[in-house]
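Before any comments, here is the structure.
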DNA sequence: CTTTACGCCTGACGGC
DNA sequence: TGCCGTCAGGCGTAAA
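In this note's numbering, the protein residues as written are 9 to 279.
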């Protein structure tokens, strides 16, 4: 389930292989993922040179002179990199083949992902236009969170998972960041001080940054295959650890449901 | 305006 | 062994 760190790791992994590389063709095996995949994608992307590989939130953007291929991996999606042709396996929905024999293959068992063709400025596309700040940029600050949180009764965990507030904070890292910041996930977003939001903004950045650093080592080799993203589970402090001792105080980690999502926290360290 | 519920989809897992 | 129900989860959309 790729969260932002996984997507960024994938971006960095594929970038050197496809920037300045020309797409020779696109092979679609599945007509619809989350939305219908443009049937004429081969005609649009074929022959185009990938100029840049960007990421906005959890969307990957492969930019060409005439348009942008948007890729979202949903929950179960991953990209593999292949050389030459290899027989497709189960849930291998699309291949992007390049002139030099390089192939980017999209696999997504649950098909919650997306493959779309965007023309014009991608930032104007409805999927991207309303997004909040990137968590790793200076645009995210405690002040921004504090201001957006005014008057809201929503649980802060659900609040930071709202992509209009800040992008790329998925279920796992939301719990982790709130633990680092010492904030109870169920606390209303409007009832958190500026000071504590500053700590939260820093915690979000730190947790994501650390996961990217870990991904850079575990997913380094993209030349073979397996851009299969992991959870970086080895360094999670609360997520999925209900009943286990808090790494700081030893209290058992508690699991609660917020906004229909599993949430984990330490009732002693977080308030 | 905010908040909540649901649907999309498959694989893993537990109970029988 | 197999069948069935439940859960997981990003994110858009509908409904309250």
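Yeah, the Cβ is synthetic: ideal placement off N, Cα and C, and Gly gets one too. In this text, all values refer to a predicted model and were calculated from it rather than measured experimentally.
Can you name the start and end residues of the beta strand (DSSP E) that residue i belongs to?
i, result
"residue 271", "269 to 273"
"residue 263", "262 to 266"
"residue 321", "In the structure as shown, the chain begins at 9 and stops at 279. Residue 321 is therefore absent and cannot be evaluated."
Would you kindly work out how many angstroms separate the C-alpha atoms of residue i and residue j, rounded to a whole number?
i, j, result
"residue 272", "residue 53", "43 Å"
"residue 355", "residue 62", "Residue 355 lies beyond the stretch modelled for the chain, which goes from 9 to 279, so this question has no answer here."
"residue 170", "residue 140", "9 Å"
"residue 174", "residue 19", "20 Å"
"residue 153", "residue 74", "36 Å"
"residue 146", "residue 222", "22 Å"
Using the DSSP secondary-structure output, state which residues sit across from residue i in a beta bridge.
i, result
"residue 111", "90 and 105"
"residue 44", "40"
"residue 79", "68 and 123"
"residue 100", "115"
"residue 186", "Its beta-bridge partners do not exist; DSSP assigns none."
"residue 85", "116"
"residue 53", "Its beta-bridge partners do not exist; DSSP assigns none."
"residue 253", "260"
"residue 63", "68"
Throw me the rounded Cβ distance for the residue i and residue j pair, which I believe falls under 8 Å.
i, j, result
"residue 243", "residue 218", "7 Å"
"residue 211", "residue 188", "4 Å"
"residue 159", "residue 167", "About 12 Å separates the two Cβ atoms, so there is no contact after all."
"residue 84", "residue 37", "No, residue 84 and residue 37 are not in contact; Cβ-Cβ is about 16 Å, not under 8 Å."
"residue 34", "residue 12", "Incorrect: roughly 26 Å between the Cβ atoms, too far for contact."
From which residue to which residue does the alpha helix (DSSP H) around residue i run?
i, result
"residue 243", "No alpha helix (DSSP H) contains residue 243, which DSSP labels as neither H nor E."
"residue 215", "202 to 226"
"residue 11", "Taken as a continuous stretch (DSSP letters only), residue 11 belongs to no alpha helix (DSSP H), as it is neither H nor E."
"residue 191", "Careful: residue 191 lies outside any alpha helix (DSSP H) and carries neither H nor E."
"residue 136", "134 to 137"
"residue 166", "164 to 168"
"residue 176", "Run containing residue 176: none; DSSP gives neither H nor E here."
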